[in-house]
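Report on the structure given below.
In this note's numbering, the protein residues as written are -19 to 278.
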């Protein structure tokens, strides 16, 4: 081995050692970054995401469209008054919702009174029992939007009153979408099946609803005592799919929710909406109406 080779060998070995050390440090940095990134997925097959807006009080409670957000403990009182020519409709509802993890259970007890020139029909409507849960959530990497898909089931138990004769079964799918820090869109589609006695037995109806909300925080709209003020626009429809007279009635609601500052452990949410028909079929049932809603989260 000549003199040049003897000097080059130690230098080459030192160079390889330097590269190996740098590569090891880079690998450790990558491993550290990978392990430090939190795993936000959970649920069956990791289809849910802890970063999702679902169940975080981001989505306002709808008026006439079925609620689809996750709730923990909620009590609700609603009243709806509508006119169509000489006819009047009054509808009241008491509702309780309880959360068990990602699953929300609800029970509704409604009362309805329909007055027309032909007489008055009134009574306690079906007692509704429902369950809903998310099945897939996606959160945009930068958090600009997220979406939740879910399934639900509602069962209506008849009370035997003048307006409650048939059991009702309504499987549903829903989507809750948040865009930015203001916009929310809730979509619910259900397939109603009536069973039991009478001519309504076997009736199938497609039920659908869309709820648009725009949330303004107190710093953006400083109304005393109001945490969030949410203008809302809803569209709800029912399309019968069988029997002789197939109809598709579509109504709209425009109003607001005001989430009030908490009173002890209770956080009230007040809502008022104006209801109007969007097609001729709906106009037979309502020319205009007012929907009021009081929600208490605890």
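We treat Cβ as the ideally placed atom computed from N, Cα and C, and that holds for glycine.
Whole angstroms is fine: what's the gap from residue -18's alpha carbon to residue 121's?
Residue mapping note: residue -18 aligns to position 2 of the chain shown, counting from 1. Residue mapping note: residue 121 aligns to position 141 of the chain shown, counting from 1. Since pLDDT at residue -18 reaches only 46, below the 50 mark, its modelled position is unreliable, and the value read off the structure follows with that caveat. Annotation: residue -18 to residue 121 spans about 60 Å, alpha carbon to alpha carbon.
Please state whether DSSP places residue 24 in a helix, a strand or coil.
For the purposes of this step, residue 24 is taken as residue 44 along the chain shown, with counting starting at 1. Looking at residue 24 - three-state DSSP - the assignment turns out to be helix.
Do you know offhand how far residue 64's Cα is from residue 123's?
Residue 64 sits at position 84 when you count from the first residue of the chain shown. Residue 123 sits at position 143 when you count from the first residue of the chain shown. It is roughly 45 Å from the alpha-carbon of residue 64 to the alpha-carbon of residue 123.
Under three-state DSSP, which class holds residue 229?
Here residue 229 corresponds to residue number 249 of the chain shown, with the count starting at 1. In the three-state scheme derived from DSSP, where H, G and I count as helix and E and B as strand, residue 229 is classed as strand.
Along the beta strand (DSSP E) that carries residue 260, what are the first and last residues, could you check?
Counting from one through the chain shown, the residue named residue 260 turns up at place 280. That residue, residue 260, is in no beta strand (DSSP E); its alpha helix (DSSP H) goes 260 to 263.
Helix or strand or just coil, what does DSSP make of residue 155?
One-based indexing of the chain shown puts residue 155 at position 175. In the structure shown, residue 155 sits in a strand (DSSP, three-state: E or B).
Would you please state the rounded distance, in angstroms, between the beta carbons of residue 100 and residue 93? I believe it to be under 8 Å.
Position 120 of the chain shown, counted from the first residue, corresponds to residue 100. Position 113 of the chain shown, counted from the first residue, corresponds to residue 93. Right, their Cβ atoms sit about 7 Å apart.
On a Cα-Cα basis, can you pick out the residue from 277, 167, 31 and 268 that is closest to residue 68?
As a first step, residue 68 must be located in the chain shown, where it is residue number 88. The candidate whose alpha carbon is nearest that of residue 68 is 268.
Suppose you measure from the CA of residue 141 to the CA of residue 103; what does that come to, to the nearest Å?
Here residue 141 refers to the residue found at position 161 of the chain shown. Here residue 103 refers to the residue found at position 123 of the chain shown. Cα-Cα distance, rounded: 5 Å.
Candidates 231, 58, 112 and 254: closest to residue 190 by CA position:
The sequence position of residue 190 within the chain shown is 210, counting from 1. Among 231, 58, 112 and 254, the Cα nearest to that of residue 190 belongs to 231.
Would you mind working out which of 89, 48 and 95 sits nearest residue 57, comparing C-alpha positions?
Taking the chain shown and counting its residues from 1, the one referred to as residue 57 is at position 77. The alpha carbon of residue 57 has as its nearest neighbour, out of 89, 48 and 95, the alpha carbon of 89.
Run the CB neighbour count on residue 11, radius 10 Å, all protein chains shown included, and call it buried at 16 or more, exposed below.
Taking the chain shown and counting its residues from 1, the one referred to as residue 11 is at position 31. Any reading at residue 11 must be qualified, since the residue scores a pLDDT of 44, below 50, and its modelled position is unreliable; no value is offered.
Of the residues 176, 177 and 193, the one placed nearest residue 166, counting alpha carbons only:
Along the chain shown, one-based indexing puts residue 166 at 186. Comparing Cα-Cα distances from residue 166 to each of 176, 177 and 193, the minimum goes to 193.
Spatially closest choice to residue 344 from 214, 199, 66 and 168, by CA coordinates:
Any answer about residue 344 is impossible in this case: the structure gives the chain only from -19 up to 278.
Could you tell me the distance, in whole angstroms, from the CA atom of residue 22 to the CA atom of residue 97?
Residue mapping note: residue 22 aligns to position 42 of the chain shown, counting from 1. Residue mapping note: residue 97 aligns to position 117 of the chain shown, counting from 1. Their backbone Cα atoms lie some 57 Å apart in a straight line.
Within 10 angstroms of its Cβ, does residue 175 collect 16 or more other Cβ (buried), or is it exposed?
Residue 175 sits at position 195 when you count from the first residue of the chain shown. Label assigned to residue 175: exposed.
Note down the Cα distance separating residue 107 from residue 49, rounded to an integer number of angstroms.
Walking along the chain shown from the start, residue 107 turns up at place 127. Walking along the chain shown from the start, residue 49 turns up at place 69. A straight-line Cα-Cα distance of about 21 Å links residue 107 and residue 49.
Does at least one heavy atom of the ligand NAP sit under 8 Å from the Cβ of residue 247?
By its list of ligands, the structure shown contains no ligand whatsoever, and the ligand NAP lies outside what it can speak to.
Tell me the DSSP bridge mates of residue 170?
In the chain shown, the residue the question calls residue 170 occupies position 190. DSSP lists 152 and 187 as partners of residue 170.
Rounded separation between residue 144 and residue 264 - CA only:
Looking up residue 144 in the chain shown gives position 164. Looking up residue 264 in the chain shown gives position 284. Distance from the CA of residue 144 to the CA of residue 264, rounded to the nearest whole angstrom, comes to 21 Å.
Start-to-end residues for the beta strand (DSSP E) that takes in residue 34
Within the chain shown, residue 34 is the residue found at index 54, counting from 1. Careful: residue 34 lies outside any beta strand (DSSP E) and carries neither H nor E.
Taking 8 Å as the cut-off, does the region 237 to 252 touch the region 198 to 211 (at least 3 CB pairs, one atom from each stretch)?
Output reads yes: the region 237 to 252 touches the region 198 to 211.
If you draw a straight line from the C-alpha of residue 26 to the C-alpha of residue 261, how long is it?
If you number the chain shown from 1, residue 26 lands on position 46. If you number the chain shown from 1, residue 261 lands on position 281. So the two alpha carbons sit approximately 44 Å from each other.
By the DSSP assignment, the beta strand (DSSP E) with residue 45 in it spans what residues?
The residue you call residue 45 lines up with position 65 of the chain shown. Judged by DSSP secondary structure, residue 45 falls outside any beta strand (DSSP E); it is assigned neither H nor E.
C-beta contact flag for residue 150 and residue 187 at 9 Å:
Residue numbering aside, residue 150 sits at position 170 when the chain shown is read from its first letter. Residue numbering aside, residue 187 sits at position 207 when the chain shown is read from its first letter. In this structure, residue 187 lies closer than 9 Å to residue 150 by Cβ.
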